[in-house]
Amino acid sequence: MGVFDRLPPMDHLRSEKMCFVQLIIPAESARLAVTYLGELGLLQFKDLNEDKSPFQRIFVNQVKRCSEMSRKLRFFNDQINKAGVKSSVRPAMQPDIDLEELEAKLREHENDLLEMNTNSEKLLQTYNELLEFKMVLSKAGGILASSHNHAAPAERELDEHIYDKEMDDGNAYLLEQGVHLGASENSGVKFVSGIILKSKAMAFERMLFRATRGNMFFNQAPAGEPVTDPISGEEVEKTVFVVFFSGDQAKAKILKICGSFGASCYPVPEEMVKQRQIFREVSGRLADLEATLDAGIQHRNKALESVGSQLWRWTIMVKKEKAVYDTLNMLNFDVTKKCLVGEGWCPIFAKSQIKDVLQRATLHSNSQVGIIFHEMDTIDSPPTYFQTDKFTNAFQEIVDAYGIARYEEANPAVYSVITFPFLFAVMFGDWGHGICLLLGACVLILREKKLSSQRMNVERKPAVMHILLGSLKSVIPILLEWTQVGVEVDLSYPF
Numbered sequence: 006m007g008v009f010d011r012l013p014p015m016d017h018l019r020s021e022k023m024c025f026v027q028l029i030i031p032a033e034s035a036r037l038a039v040t041y042l043g044e045l046g047l048l049q050f051k052d053l054n055e056d057k058s059p060f061q062r063i064f065v066n067q068v069k070r071c072s073e074m075s076r077k078l079r080f081f082n083d084q085i086n087k088a089g090v091k092s093s094v095r096p097a098m099q100p101d102i103d104l105e106e107l108e109a110k111l112r113e114h115e116n117d118l119l120e121m122n123t124n125s126e127k128l129l130q131t132y133n134e135l136l137e138f139k140m141v142l143s144k145a146g147g148i149l150a151s152s153h154n155h156a157a158p159a160e161r162e163l164d165e166h167i168y169d170k171e172m173d174d175g176n177a178y179l180l181e182q183g184v185h186l187g188a189s190e191n192s193g194v195k196f197v198s199g200i201i202l203k204s205k206a207m208a209f210e211r212m213l214f215r216a217t218r219g220n221m222f223f224n225q226a227p228a229g230e231p232v233t234d235p236i237s238g239e240e241v242e243k244t245v246f247v248v249f250f251s252g253d254q255a256k257a258k259i260l261k262i263c264g265s266f267g268a269s270c271y272p273v274p275e276e277m278v279k280q281r282q283i284f285r286e287v288s289g290r291l292a293d294l295e296a297t298l299d300a301g302i303q304h305r306n307k308a309l310e311s312v313g314s315q316l317w318r319w320t321i322m323v324k325k326e327k328a329v330y331d332t333l334n335m336l337n338f339d340v341t342k343k344c345l346v347g348e349g350w351c352p353i354f355a356k357s358q359i360k361d362v363l364q365r366a367t368l369h370s371n372s373q374v375g376i377i378f379h380e381m382d383t384i385d386s387p388p389t390y391f392q393t394d395k396f397t398n399a400f401q402e403i404v405d406a407y408g409i410a411r412y413e414e415a416n417p418a419v420y421s422v423i424t425f426p427f428l429f430a431v432m433f434g435d436w437g438h439g440i441c442l443l444l445g446a447c448v449l450i451l452r453e454k455k456l457s458s459q460r461m462n463v464e465r466k467p468a469v470m471h472i473l474l475g476s477l478k479s480v481i482p483i484l485l486e487w488t489q490v491g492v493e494v495d496l497s498y499p500f
């Protein structure tokens with residue numbers, strides 16, 4: 006046995022030897038102790054409250070607060086993406102704040118954004134209504150002007166064919182007369198003008214025809230420009246319509262159908278002078294609303310830029326706090342309710358580092374009682390821990406995605422350092438693109454320090470070494486083919 010003890014350690018080939026430990030942490034230093042242990046990353050806590058639901062844990066209120074702050078941060082991120090505001094990749098340096106200050110700041114920012122969104126939606130809705138009114142005045146005015154020229158003969162015909170409330174279904178329909186209906190004070194013909202979605206115009210006309218039994222005249226024209234939906238922010242195409250009819254019952258039916266189809270009705274005067282006057286007033290109000298909307302958008306974008314500069318930093322902080330309280334929920338209070346008791350696994354080589362971290366947590370929390378850390382015996386199976394570095398971490402993560410070896414089993418990630426790039430080169434097998442891939446990997450490695458401050462660094466790092474080795478092995482087989490020994494061929498052979 007002494008011979009094996011004198012062999013060099015197999016840090017990467019075998020998993021580390023683990024030990025089961027117990028921690029007794031004073032309540033005042035528990036949060037800092039778990040925070041420092043999480044940053045060290047060498048202790049895996051055991052859940053001592055498996056029989057309790059998440060709502061029965063000790064720090065459930067703190068977890069709820071962190072979840073609520075995470076919701077607000079997601080709301081900020083959605084608003085930034087929706088507005089198209091570019092947030093800073095490198096967050097601005099600001100003094101550290103605690104969880105209570107961050108919670109108050111997030112609540113303030115959320116209330117401001119919600120208020121700005123509400124005001125913006127109201128202004129945009131008013132702007133859309135005025136814009137639709139302007140379109141209706143423009144298009145419906147032309148329809149009324151064209152029908153006004155035929156008003157006199159139409160009135161004479163309508164006096165013969167129009168029916169009142171007690172008429173039966175045997176009378177002739179207005180559409181069958183083929184006349185251009187006008188509207189005047191002396192005539193019984195009335196009209197309703199409005200605007201509707203272009204996709205609903207055909208069904209809308211069909212429903213009006215059936216509801217009035219054909220005793221109406223429907224005229225429509227494209228609105229000319231899209232209208233922005235204040236809720237979804239999407240642009241929709243609309244159609245201006247004018248419905249000529251007679252009788253109060255028909256009017257009630259038409260207005261009810263307009264409401265069911267989501268059509269907006271706007272009053273249009275018959276006189277051209279009044280139409281022009283209202284058109285000028287609406288155009289002036291639209292110009293004022295455009296200036297107000299632009300100012301509101303600029304103010305909102307500035308607020309989003311201010312939030313976006315710290316969004317990534319706040320998100321990391323909230324995630325850390327939530328992870329800390331999730332871990333604290335795995336601990337139990339002792340009999341005195343003054344200390345938290347925790348159990349977990351750690352590598353044997355990390356015991357000294359853990360003790361230093363716990364001592365630092367006691368010092369920073371100004372606790373009068375130190376943290377007790379001691380080893381215990383257990384029959385549970387230890388977890389697997391492989392010690393990796395910056396180079397082997399990429400391959401270890403790939404192997405762990407498929408499966409993790411048992412305690413003290415051989416680590417397949419050691420062999421995958423060679424096999425994975427080789428298989429990649431076999432499938433890739435392109436000398437030209439291999440050189441391009443090699444140059445790209447070299448650039449990422451050379452600019453590692455500059456890229457280390459960016460958000461995508463965590464996702465980018467594991468793949469760099471794999472890309473580097475894969476591109477190298479894609480180029481090497483071609484070089485071997487170029488440098489192989491030549492063989493002379495006798496071309497005089499008759500066959």
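Plus 5 on top of the position in the sequence shown (first one is 1) and you've got the numbering used here.
Note that the Cβ used here is the ideal one computed from N, Cα and C, for glycine as well.
{"Check": "CA-CA distance, L75 and L345?", "Outcome": "Before going on, a small fix: residue 75 reads as Ser here, not Leu. Whole-angstrom Cα-Cα distance: 27 Å."}
{"Check": "Out of R36, G313, F400, point me to the one whose CA is closest to N416's CA.", "Outcome": "F400"}
{"Check": "Once you ignore the five residues that flank E171 on each side, which residues in its own chain have a CB closer than 6 Å to its CB?", "Outcome": "Because E171 sits at a pLDDT of 38, beneath the cut-off of 50, its placement in the model cannot be relied upon, and the point is left open."}
{"Check": "Do you know whose CA, among Q364, G252, M335, E380, lies nearest E55's CA?", "Outcome": "M335"}
{"Check": "Express the C-alpha separation of G46 and F354 in angstroms, rounding to a whole number.", "Outcome": "13 Å"}
{"Check": "Within a Cβ cutoff of 6 Å, which residues of the same chain sit near N115, ignoring the five residues on either side of it in sequence?", "Outcome": "The sequence as given places Glu at residue 115; Asn does not occur at that position. Contacts found: K77."}
{"Check": "Please list, in chain order, all residues of the same chain as D164 whose beta carbon is under 7 Å from its beta carbon, the five residues on each side excluded.", "Outcome": "In this prediction, D164 has a pLDDT of 44, which is less than 50 and means its spatial position is unreliable; what the coordinates show is noted afterwards. Cβ within range, chain order: n/a, list empty."}
{"Check": "In whole angstroms, what is the alpha-carbon distance linking Q315 and P231?", "Outcome": "37 Å"}
{"Check": "Using 8 Å as the Cβ pair cut-off and three pairs as the minimum, do the region 289-297 and the region 27-34 touch?", "Outcome": "no"}
{"Check": "Do you know how far the Cα of E113 is from the Cα of K57?", "Outcome": "35 Å"}
{"Check": "Can you give the Cα-Cα distance for G375 and E126, rounded to whole angstroms?", "Outcome": "57 Å"}
{"Check": "What's the gap between the Cα of I321 and the Cα of A300?", "Outcome": "33 Å"}
{"Check": "Among E310, L363, K256, which residue has its Cα nearest to the Cα of A216?", "Outcome": "K256"}
{"Check": "Hey, would you say I359 sits closer than 8 Å to L48, going by beta carbons?", "Outcome": "yes"}
{"Check": "Within the same chain, show all residues whose beta-carbon is closer than 8 Å to that of P426, passing over the 5 residues directly before and after it, in chain order.", "Outcome": "H471, L474, G475, L477, K478"}
{"Check": "Which residues mark the beginning and the end of the beta strand (DSSP E) in which A226 is found?", "Outcome": "222-227"}
{"Check": "How do the region 195-214 and the region 238-253 stand: do at least 3 beta-carbon pairs fall below 8 Å, yes or no?", "Outcome": "yes"}
{"Check": "Give every residue of the same chain whose Cβ lies closer than 8 Å to the Cβ of R62, excluding the five residues on either side of it in the sequence, and list them in chain order.", "Outcome": "N54, V68, N334"}
{"Check": "Indicate whether K139 and V245 have their beta-carbon atoms separated by less than 8 Å.", "Outcome": "no"}
{"Check": "Any idea what DSSP makes of F64, helix, strand or coil?", "Outcome": "coil"}
{"Check": "Is the separation between the beta-carbon of L128 and that of V287 shorter than 8 Å?", "Outcome": "no"}
{"Check": "Select from R70, K87, D117 the residue whose C-alpha is nearest the C-alpha of E106.", "Outcome": "R70"}
{"Check": "Which residue wins for smallest C-alpha separation from D361, given the options E44, F25, G147, R19?", "Outcome": "E44"}
{"Check": "At which residues does the beta strand (DSSP E) containing F196 begin and terminate?", "Outcome": "194-202"}
{"Check": "Less than 8 Å between the C-beta atoms of I450 and S421, yes or no?", "Outcome": "no"}
{"Check": "As a quick exercise: from L118, G146, T332, S370, pick the residue whose alpha carbon is nearest that of P272.", "Outcome": "G146"}
{"Check": "With DSSP as the reference, identify every bridge partner of S251, one or two as the case may be.", "Outcome": "V194"}
{"Check": "Skipping 5 residues on each side, what residues in its chain have a beta carbon closer than 8 Å to that of D339?", "Outcome": "I29, L345, V346"}
{"Check": "From A310 to L363, what distance separates their C-alpha atoms?", "Outcome": "Here the sequence assigns Glu to residue 310, which means Ala is not the residue at that position. One C-alpha to the other measures close to 39 Å."}
{"Check": "With 16 as the cutoff for other CB atoms within 10 Å, does R305 come out buried or exposed?", "Outcome": "buried"}
{"Check": "Here's the rule: buried if 16 or more other CB atoms are within 10 angstroms of the residue's CB, otherwise exposed. What is N224?", "Outcome": "buried"}
{"Check": "Give me, in chain order, the residues of the same chain whose beta-carbon lies closer than 6 Å to that of L443; leave out the 5 immediate sequence neighbours on both sides.", "Outcome": "S476"}
{"Check": "Whole-angstrom Cβ separation of H379 and V26, contact assumed at under 8 Å?", "Outcome": "7 Å"}
{"Check": "DSSP has V241 in a bridge; who is on the other side?", "Outcome": "V232"}
{"Check": "Among all the DSSP beta bridges, which residues are the ones paired with G347?", "Outcome": "L28"}
{"Check": "Report all residues from its chain with a CB closer than 8 Å to the CB of L135; omit the five preceding and five following residues, and keep chain order.", "Outcome": "V287, R290, L291, L294"}
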